[in-house]
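Heads up: the sequence shown at position 289 corresponds to 289 in my numbering, and the numbers run straight through without jumps.
All C-beta atoms, glycine included, are put in the ideal place defined by N, C-alpha and C.
Take a look at the structure below.
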Amino acid sequence: MPRTVGFYGGTVRRCTTPLLALLIILCFPANTLAQTIFGRVTDAADGSALPNVSVVVRGTSMGVATDQRGEYALRLPSPGRYELVVRHLGYETVHRTVGVAYADSVRENVAMEAVVIGGEEIVVSARALAVADASRSVETLSSDEMRRVRGQTIGDALKHLPGVTMLSTGPSIDKPVIRGLHSERVVLVNHGVRQEGQQWGREHAPEIDAFAPVDVSVVKGAAGVEYGAGAIGGVLRVEPRALPDRPGVGGSIDLDAFTNNGQAAGALLLEGARTAGEGTWSWRTHGSLRAAGASRAPDYVIGNSAFREANVLLATAYHRDHWHVDVMASRFSSTLGIFSGAHVNTVEAWENVVQRERPAIDYRFTYAIDAPRQEITHDLARVRAQGEVGRGVRMTVQYGIQRNQRREFDAHSPGGGPPSAPGVELLLTTHTADIGLRSPVIDAAGGSLLVHAGVSGLNQGNENGRASYLIPNYRAISGGTYARTTWTRAPWTLDAGGRLDHQWSRSFPRDNGGTSFLDRTHPFWGGSGILSASRTVSSDWTVSIAASTAWRPPGFNELYSDGVHHGSAQYEEGMPGLRGERAWGLDATVRQDGDRTRLQVGAYATRVDDFIDLVPSGQPKVTIRGVFPLFRYQQRDALLRGVDGRFEIDIADPLTVGATASVVRGTDRQTRLPLADLPADRSTLFADVRLLHRPRGTALRSIRLRVDGHGVRRQTRFPEGVDFAPPPDGYTLLDVSLRTGWSWNGTPMSLQIGAENLLNTRYRDYLDRMRYFTDAPGRSVMLRLHIDV
């Protein structure tokens, strides 16, 4: 018989039908193995490892850079012979032709000969592009690049990428906005698993350790075929750096410090590998700690903005012949303060706070975290197996489990005293699994054809604590199936795919805010698809175009929110009866990767039918807990268009200059009025000067200076009369950093000293939820030390 599972406010029946059970455990498609060339790049004179060496496939945009151990791994779209071009400052360029069979891994070590070039440096940038991304706008940051731009959150590393901005709630909470879309329209893939947290809130930042040894890429535009429902705005992929495959033990130490909020942070990485029978066993442990006090605006302290964070990750893998099994587990834990001045008790006080140029209270700097605050814990565990099942067909099987707990404390209890219990308490548990298949390379029409297919599903439950029901208890079950083909024949790459998803849910919202509960079920069906073409015009230039469609069902918060969202200090009202969103996208991209210049420009248009929007009502909401701005979910048809891109040029051997820019426009297609909460136009100009470079083996090897100027215009396109305050003025910020690399007793080290907002400019950003109440943080001098052990 069916078994009954209890919730606060309702029950859900669990079906034991074998077919449904199979759908429950079939989930988001995992990564599959590909042809790989890997190896180590060393100095021919002394055998020392060479980091940051460019390894590219001649005549393509495929490439990687070696890590601090001099190791690289380059995935290739199909079998064949490839010419590798290996370049590095102060060394002769190396050309190697390597043949690789289907699903094979070939080691190609390279020893580079040093040359004398008068101490000047030649820099070649290369970004890895998977064949599936060849027709899309993609921005990638390697783990080394992430370390150089790491800030308080993972969003700090992404916020200056073209087409990417941040939706903020004060100085320590950022979530990515991709081409004007965010939250449930951006899918986060963490270590191959679609991460499921309480991502619907604008102050619910991704639960990702900014110190983790990962590569991060941003796929812009609708990408629902591989990633399932919800990938309307794009995908944020967080992929772990490959585990070591050479016997031995190594690691690294990172230490960071920031003056603005007195932050101290550190991370320890230990990893190794050894031969185990006929295979290789690899392992990794990583942990990080952060502690920060209240942030400072240029002329005052932002009260109660301190935070603490502790993270740990464990991973292990076994590789033998064509089979690979890996297991990982991680915990992300943080406590965040929310600016105290956002919580007031009367309408008059709230209006006065919004109109003031600075907070009424002069706060003192402290590391204490008082209410209002958030406490978040996210646990993730994953097991994955990959291998060949016969006739060249590769199979991937993956299972993941996630547990996300969120507790939000109001500034005070209904009785007026400090809160002893959270005002919002949510526990989200998600089980995911998947089966994916990839065909061998098929000769078709004079080219190579690859076929990917699979089935997917999800089993998720949300459970409230007894304090409140901002969103209801619910159970959601979803499943999907997909197929995708990629055909390559120089100079063309053609890509086509489709996916069908179904979601069934049962939820228990409150009856008009009362103490009784309703019982609601929601079935949703939707399909996704992509059709794209990419052409290599010359050895440097590639042009591509992609047409895609994606969808998502409405979130439970959008349907049934009715209460104070303490983390963002606002009252939210849902809209029962919302329909699912449907997006239609067109994206054109031009890329150039030459000896001295690098360019990527993307133009796009995305039409979203039944666009769900959280809109400020223009009036505050009076509750027994205080006065809060009132936001309501609405549905309309929207059109988003824009252009974003980047350009770099090596003016001379020691100097590189460049620029990035992003422009997005959003319009309500019925009223022709602009959409709210879209990023303002922004651009960045930068100069990178290589002041010193010496061969390996010398104590001080390199010194680099980088200066960035960021300009953001005032947002002039916004709906009149619905916001609580007009958009703030535009602003310009200046950042500067000096990076050095050296060796001490043979141990590689790097030190970075920099300053953000060097001129201590006073400003507020339109996408910062706290702009109603306080300025953004002022100058912050930072120190980053990295040691390889």
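_Classification of R81 by the beta-carbon crowding that lies within 10 angstroms, buried from 16 upward_ = exposed
*Which one or two residues does DSSP pair with H324 in a beta bridge?*
H319 and Q386
_Touch test, the stretch 732-741 against the stretch 628-644, Cβ-Cβ under 8 Å, three pairs minimum_ = no
*Can you tell me whether E425 is buried or exposed, with buried defined as 16 or more other CB within 10 angstroms of its CB?*
buried
*CB-CB under 8 Å to L655, same chain, minus the five flanking residues each way: which ones, in chain order?*
A687, D688, V689 and R690
*Does DSSP classify S780 as helix, strand or coil?*
strand
*Sequence-distant residues of its chain with Cβ nearer than 6 Å to H452 (five each side left out)*: R438 and R484
*Does V86 come within less than 9 Å of chain D when only Cβ atoms are used?*
The structure shown contains no chain D; it holds only a single protein chain.
*CB-CB length for S252 against D788, believed under 8 Å*: 5 Å
*asked:* Spatial neighbours of V810 within its chain, please: C-beta separation below 8 Å, excluding the five flanking residues on both sides.
replied: Within the shown structure, residues of the chain are numbered from 1 to 789, placing residue 810 beyond reach of any answer.
*Output yes or no for whether 9 Å exceeds the beta carbon distance between R407 and E375.*
yes
*asked:* Taking the beta strand (DSSP E) that D668 belongs to, which residues open and close that run?
replied: L655 to D668
*Would you mind working out which of Q619, I612, A661 and E558 sits nearest A603, comparing C-alpha positions?*
A661
_D587 vs A676 beta-carbon contact at 9 Å_ = no
*Kindly identify the DSSP beta-bridge partner or partners of Q619.*
The partner list for Q619 (beta bridge, DSSP) is empty, contrary to what the question assumes.
*Decide if D321 is buried, meaning its Cβ has at least 16 other Cβ atoms within 10 Å, or exposed.*
exposed
*Check G392 in the structure and name its three-state DSSP category.*
coil
_Reduced DSSP category for Y300 - H, G, I as helix; E, B as strand; rest coil_ = strand
_Along the chain, where does the beta strand (DSSP E) containing F258 start, and where does it finish?_
G248 to F258
*Simplified DSSP assignment, three categories, for E113*: coil
_Checking 9 Å against the spacing of the C-beta atoms, do Q503 and A229 come in under that value?_
yes
*Starting from the Cα of A533, find the closest Cα among L268, V41, A546 and P359 and give me that residue.*
A546
*Whether L673 touches T165 by CB criterion (9 Å)*: no
*asked:* Let me make sure I understand the geometry here. Which of G63, T140 and I232 has the alpha-carbon closest to that of W584?
replied: I232
*Nearest to I178 by CA position, among R665, S282 and R582, is which residue?*
R665
*Identify, in the order they occur along the chain, each residue of the same chain with its Cβ nearer than 6 Å to the Cβ of V110, setting aside the five sequence neighbours on each side.*
V41, V86 and V94
*asked:* In the DSSP assignment, the alpha helix (DSSP H) including G423 goes from what residue to what residue?
replied: Premise fails: G423 is in no alpha helix (DSSP H) and is neither H nor E.
_Residues near H160 in its chain [Cβ-Cβ closer than 6 Å; skip 5 each side]_ = T684
*Can you tell me which of the three DSSP states Q199 falls into?*
coil
*Taking only the alpha-carbon atoms, compute the straight-line gap between G39 and L74 and give it to the nearest angstrom.*
9 Å
_Those residues which DSSP pairs with Q635 across a bridge_ = I612
*Rounded distance between the beta-carbons of Q460 and T481, thought under 8 Å*: Contact doesn't hold; Cβ gap of about 19 Å is too wide.
*Taking Cβ to Cβ, would you say F211 is nearer than 9 Å to D254?*
yes
*Would you list the residues sitting across from P240 in a DSSP beta bridge?*
V214
*asked:* Considering only DSSP beta bridges, list what T165 is partnered with.
replied: V177
*Report the residue ranges of all beta strand (DSSP E) runs contained in full by the stretch 469-510; include only those spanning at least 3 residues, in chain order.*
473-489 and 492-508
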